[in-house]
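Okay, structure first, notes after.
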Amino acid sequence: MRIATWNINSLRLRMPTLQNVVAALKPDVVCLQETKVPDELFPVDDVRALGFEHILFAGMKGYNGVAILSKAPLTPIDRRDWCEKGDCRHIAAILPSGAELHNFYIPAGGDIPDPVLNDKFAHKLRFVDELADWFRGKAQAERILVGDLNIAPLEEDVWSHKQLLKVVSHTPVEVEKLIAAMKAHDWVDVLREFVPPDQKLYTWWSYRNRIWPGNDRGRRLDHVWVTPSLRPALAGATVLREARGWDKPSDHVPVAVDFNF
DNA sequence: ATGGTGGAAGGTCCA
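Letter by letter, the first sequence follows residues 1 to 261 of this note's numbering.
Given below as structure tokens:
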């Protein structure tokens, strides 16, 4: 089974690109973030035409929004209202294998890396703390967590560790919280199981950098985590880097992970 | 040090 995750930055605008992503990766499940479409306008028929009969979505007008597209049936489970904002940043399901799949869109956090001066950064930190607490309280099970976590935890997850230490996405406070959230449920960082931590690995390149991939100033903001019992089932990981160079790209590229089930 | 681009809107806000 291949599970892909992608911050699509508008599902309706990028439906043709989604078709190309599906053709390139042939995923069984696609988790999307930033669908930017209210539920009543979700393009169910277009998604079914791509081969995904089973669709879960939680969207709102203008911002945020998450969805799970699947070829096989999904059993919806406990969505929750993170930070009491009702803002469509999480959706979850049980896969046919029995594994739980959680799709997250963590707040980007604004520009100023200070929770006192910047409410958006405070929200981001609170969200990551809540994520840690929620899974810490759960019994171990076969679980997969994917999504745009908007944090690049390792030095080689950014183009310049030193230059990004004060840039939201790579500041010590959010990195520490993300690592604490991983430890709270023994999450395994799947991409780093396949690409060693001393090698650069990015999934996002800013729209504000016109010369992609010239200077390759990327960050690894998109992640796939699994609980330890799923580690033996891991069969591979792919970052579809080329998608950043396609026509009308998202600023994030799709990431796919293969499982032996 | 600054501003750079893109999306949803049809103001600006968000990233």
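All residues carry an ideal CB built from backbone N, CA and C; glycine is no exception.
- Under the Cβ criterion (8 angstroms, minimum of three pairs), the segment 111–124 does not count as touching the segment 138–145.
- Remark: three or more beta-carbon pairs, one from each stretch, lie closer than 8 angstroms, so the segment 125–137 and the segment 182–193 are flagged as touching.
- Given a length threshold of 4 residues, each whole run of the alpha helix (DSSP H) inside the segment 5–66 is given here in chain order: 15–25, 44–49.
- The beta carbon of G59 lies closer than 7 angstroms to those of T35, V37, P38, D39, F42, G65, C88 in the same chain, with the five residues before and after it left out.
- Distance check between N103 and each of S70, D119, L125, E84 places S70 closest, using alpha-carbon atoms only.
- Relative to P213, the option among V173, Q33, W246 whose CA is nearest is W246.
- With contacts defined as CB atoms closer than 9 angstroms, L221 and N7 qualify as a contacting pair.
- The beta carbon of T171 sits closer than 7 angstroms to the beta carbons of P113, L165 from its chain, once the five residues preceding and following it are set aside; these are given in chain order.
- CA-to-CA, the gap between S160 and D45 works out to about 43 angstroms.
- Taking C-beta atoms as the reference points, E100 and I77 count as a pair closer than 9 angstroms.
- In the DSSP assignment, N103 is bridged to I91, V146.
- In this structure, DSSP gives F259 an extended state, which the three-state scheme calls strand.
- L234: member of the beta strand (DSSP E) spanning 234–239, first to last residue.
- The shortest C-alpha to C-alpha distance from L240 to any of L95, L230, A23 is the one to A23.
- For H223, there is no enclosing alpha helix (DSSP H); the residue is found in the beta strand (DSSP E) stretching over 222–226.
- Looking at the DSSP output, S206 bridges to nothing.
- Short of 8 angstroms from the beta carbon of I179, and not among the five residues preceding or following it, lie these beta carbons of its own chain, in chain order: P153.
- Approximately 5 angstroms separates the beta-carbon atoms of A181 and L131; this is inside 8 angstroms, confirming the contact.
- Where I179 is concerned, the enclosing alpha helix (DSSP H) starts and stops at 172–184.
- Here the C-alpha atom of R2 lies approximately 17 angstroms from the C-alpha atom of V47.
- For K124, the uninterrupted alpha helix (DSSP H) segment begins and ends at 119–136.
- Cβ-Cβ distances below 6 angstroms link V257 to I3, V190, V224, A237 in the same chain, with the five nearest sequence neighbours on each side left out; the list follows chain order.
- Counting along the chain, the unbroken alpha helix (DSSP H) around V190 starts and ends at 190–194.
- Under the three-state reduction of DSSP output, G218 falls in the strand class.
- Between Y202 and D216, the C-beta spacing is below 9 angstroms.
- Taking the Cα of I55 as reference, the smallest distance to any Cα among P73, G62, K61, Y63 is reached at P73.
- For I106 and T227, the gap between their C-alpha atoms comes out near 19 angstroms.
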